[in-house]
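Enquirer: To convert, note that position 71 of the sequence shown is 71 in full-length UniProt numbering; the numbers rise steadily by one, no gaps. Structure in structure tokens, see below.
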Amino acid sequence: MRCAPCLARAEVINIDNAELAQLVKSGVTVIDIRTQPEWEETGIVSGSKLLTYFDERGRADPAAWLEKLKPMARPGDPVVVICRSGNRTKPVSQLLAQQAGYAKVYNVKNGIKGWTAGGGAVVPAAQALPPVAPKRLADPGC
């Protein structure tokens, strides 16, 4: 008989463009872990949830990131993780599968670069980013 923590661990499944297209079509949540400048530069897979994991200096706060992820994808739900080339998603996928209890974690092995090189469609990141409120001018006291 296997222990409960052993059963909770899931395997990370590396996927290619065809598999990503099928998962997107079936409604599986796609989490894009790149930075905002990267999203703006290349665009994003339509419907992606944008949640930066590593900052521009390569630092991460896994606990805080997981808290932000929960409203986007619950641990019992399958989730796709994508970055620029597939390198940053490897440790994130392992975290989700082995420590955070996500049952099915799909890692896009060639990232957004592989997706677009293979003809995959992207949309502007602005469609998924929250609107930015205009800055208010200081009240001159009139």
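Yeah, the Cβ is synthetic: ideal placement off N, Cα and C, and Gly gets one too. Because the structure is a prediction, the values reported are computed rather than measured.
Taking the straight line between their C-alpha atoms, what separation do you get for T29 and P130?
Expert: Cα-Cα distance, rounded: 18 Å.
Enquirer: With which residues is L50 paired in a DSSP beta bridge?
Expert: L50 pairs with D32.
Enquirer: Mind the definition here: the stretch 77 to 90 touches the stretch 116 to 123 only if three or more C-beta pairs lie below 8 Å; say whether that holds.
Expert: No, they do not touch.
Enquirer: Contact between the stretch 10 to 28 and the stretch 86 to 102 is defined here as three or more beta-carbon pairs at a separation below 8 Å; is this criterion met?
Expert: Result yes; three or more Cβ-Cβ pairs closer than 8 Å.
Enquirer: Could you please give the first and the last residue of the uninterrupted alpha helix (DSSP H) stretch that includes residue 154?
Expert: Absent from the structure is residue 154, since the part of the chain shown begins at 1 and ends at 142.
Enquirer: Taking three-plus beta-carbon pairs below 8 Å as touching, is the stretch 99 to 111 in contact with the stretch 48 to 61?
Expert: Contact between the stretch 99 to 111 and the stretch 48 to 61 is absent, because fewer than three Cβ pairs lie under 8 Å.
Enquirer: Where N110 and E38 are concerned, what is the direct C-alpha to C-alpha distance, given to the nearest angstrom?
Expert: Taking the straight line from one Cα to the other gives about 15 Å.
Enquirer: Need the endpoints of the beta strand (DSSP E) that V108 sits in, please.
Expert: It spans V105 to V108 - the beta strand (DSSP E) in which V108 sits, taken as one unbroken run.
Enquirer: Take V80 and list the residues in its own chain whose beta-carbon comes closer than 6 Å to its own, dropping the five residues that flank it on each side.
Expert: For V80, where only same-chain residues beyond five positions count, the Cβ hits under 6 Å are L23, V28, V30 and Y106.
Enquirer: I believe S46 touches A121 by the beta-carbon criterion, under 8 Å. Please report the beta-carbon distance rounded to the nearest angstrom.
Expert: At roughly 7 Å, the Cβ-Cβ gap stays under 8 Å, so S46 and A121 are in contact.
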